[in-house]
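Just so we're aligned: the sequence shown equals residues -11 to 322 in this note's numbering. The block underneath contains the structure these notes are about, expressed in C-alpha cells.
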Amino acid sequence: MTEPSFYGLMDLVRGFRPAKVLLVANDLGVFDHLESPLSSSQIAARVGADPRALGILLNALAALEVLVKEGDAFRNGEAASRYLVHGKEEYRGAILRHMHHTWWGWSELGETVVQGAPREQEPERWLDRHAETSGDWMRDFIWGMHALARDLAPAVAEKLDLKGVRRLLDLGGGPATYAITFAQAEPGLTATVFDLPGPIEIARENIARHALQDRVATLAGNFLQDGIGSDYDFIWISHILHSHDEAQCRLILEKAVRALNPGGRLAVQDFFLNDDGCTPVEAALFSVHMLAVTPAGRSYTWRETAAWLEELGLSGPVQVDTGPATSMLVARKG
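Given below as C-alpha cells:
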C-alpha cells in the first residue's frame, strides 16, 4: 500500500501558479509578439511591462514549455503559436480571457461557501462587476464558448444523425457554433439560435462568416421569460442547465418540450456527474466553478436530468459521450 504523500497535496495547492502565469501573459498580448524570437526587454517595450518582471514571467512560460527560449530570446511554442496569436484561424485566446474574468469567483470561494452564493446576484451579470467592461467580457465569454465548441461540434453532429431534421432550435446557442455545424452537416436543415441580445449579435457575426444567413436565423430573448418559438423537429441545449437552479432547469426543459413536434428529439449536453456525485473529476470541479460564479448553478447528474426528461413525457433518454468531460442525453417526444 502506497503511503500518502503531503507533496501530493502541495501539488494541488500550487496548481494556481501555472494557470495565472499563462492567463496574465495572454492578457498582456505577449504571444502576439513572439512569432519571431525577441528578448524580454524587447517584448516588455511592446506590451508596456516592466522588463525585469516580464523576464521572470517569460522564463516561467519557457519552463512550462509554452514558450521556447533560445539564448536570451523567447518565441512561441507550437501550441501558443497555433492558438494564442490574434488573427490566426485557430485563435482561442478568448476562452483564456473568459477564465481569467471568472478568477474573482474563485478568490471569494470561501465567502461563497459560508454564505451559499456569490455576492453578485444578478444572473445576467454574473461574469462582470464592472459595467464599463461588460461588452468586452461578454464577447470573451461567447467567443470563448466558440473556441471550446468548434472542435467538438462536427463529431456531435455525426453522433446525433440529423438526417430528416428540418427545423432545429439551438437554445442558448451563444456564438451559433453548433447551429452552424449542424446546418453544414445536413443540407436540408434550417436552424434558429435563441439567446440574449448580446450573444445574438456575436451569433450573427459567426453566421455571416460562414455565409449561412439564409439557413441559420436568430431570435433574441430570455428563455426563462420569453417564448422560444415552436414546431421544431430537434432542440439542442448545450451547457445551459449548469448555470441554473433545479426549478429553472425544469422550466427550460418544459418550454423546450412544448416547442418540440411530436416525434421530435431533444438533446442536452453538459458536464454530467455520475450517480456518486463526485466523478468524473472535471464535472465535480466544474460544479465548484458554477458555485463560485453563478447565483445557483451546479453540475447535475445525468440520471436526475434524464428523470426530468421522462417526467415531461420524453422517451428513452440515452447518454452519449461527446468530449473528454462532456456527454449528452438524447430523448424523443411521443
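Beta carbons are placed, not taken as given, at the ideal position from N, Cα and C, and that holds for glycine. Only a predicted model underlies this, so the values are computations on that prediction, with no experimental measurement involved.
Simplified DSSP state of residue i, which is helix, strand or coil
{"i": "residue 365", "result": "This structure cannot settle anything about residue 365, because the visible part of the chain is limited to -11 through 322."}
{"i": "residue 182", "result": "strand"}
{"i": "residue 228", "result": "coil"}
{"i": "residue 128", "result": "helix"}
{"i": "residue 149", "result": "coil"}
{"i": "residue 289", "result": "strand"}
{"i": "residue 177", "result": "coil"}
{"i": "residue 105", "result": "coil"}
{"i": "residue 158", "result": "strand"}
{"i": "residue 198", "result": "coil"}
{"i": "residue 164", "result": "coil"}
{"i": "residue 22", "result": "coil"}
{"i": "residue 284", "result": "coil"}
Assigned exposure category for residue i - 16 Cβ within 10 Å defines buried
{"i": "residue -2", "result": "exposed"}
{"i": "residue 116", "result": "Low per-residue confidence applies at residue 116: pLDDT is 43, beneath 50, and the placement is therefore not dependable, though the value from the model is reported in the following sentence. So residue 116 counts as buried."}
{"i": "residue 32", "result": "buried"}
{"i": "residue 36", "result": "exposed"}
{"i": "residue 51", "result": "exposed"}
{"i": "residue 305", "result": "buried"}
{"i": "residue 40", "result": "exposed"}
{"i": "residue 59", "result": "exposed"}
{"i": "residue 107", "result": "exposed"}
{"i": "residue 211", "result": "buried"}
{"i": "residue 5", "result": "exposed"}
In DSSP terms, what residue i is bridged to
{"i": "residue 220", "result": "248"}
{"i": "residue 307", "result": "317"}
{"i": "residue 55", "result": "64"}
{"i": "residue 302", "result": "321"}
{"i": "residue 255", "result": "224, 318"}
{"i": "residue 261", "result": "289"}
N-terminal and C-terminal residue of the alpha helix (DSSP H) that residue i is part of
{"i": "residue 326", "result": "Lying outside -11 to 322, the shown extent of the chain, residue 326 is not represented and no answer is given."}
{"i": "residue 15", "result": "4 to 16"}
{"i": "residue -1", "result": "-6 to 1"}
{"i": "residue 269", "result": "269 to 281"}
{"i": "residue 84", "result": "81 to 89"}
Opening and closing residue of the beta strand (DSSP E) in which residue i lies
{"i": "residue 206", "result": "204 to 208"}
Expected contact under 8 Å - CB spacing of residue i and residue j to nearest Å
{"i": "residue 206", "j": "residue 197", "result": "With a Cβ gap of about 14 Å, residue 206 and residue 197 do not count as contacting."}
{"i": "residue 128", "j": "residue 74", "result": "Wrong, their Cβ atoms sit about 13 Å apart, outside the cutoff."}
{"i": "residue 174", "j": "residue 150", "result": "4 Å"}
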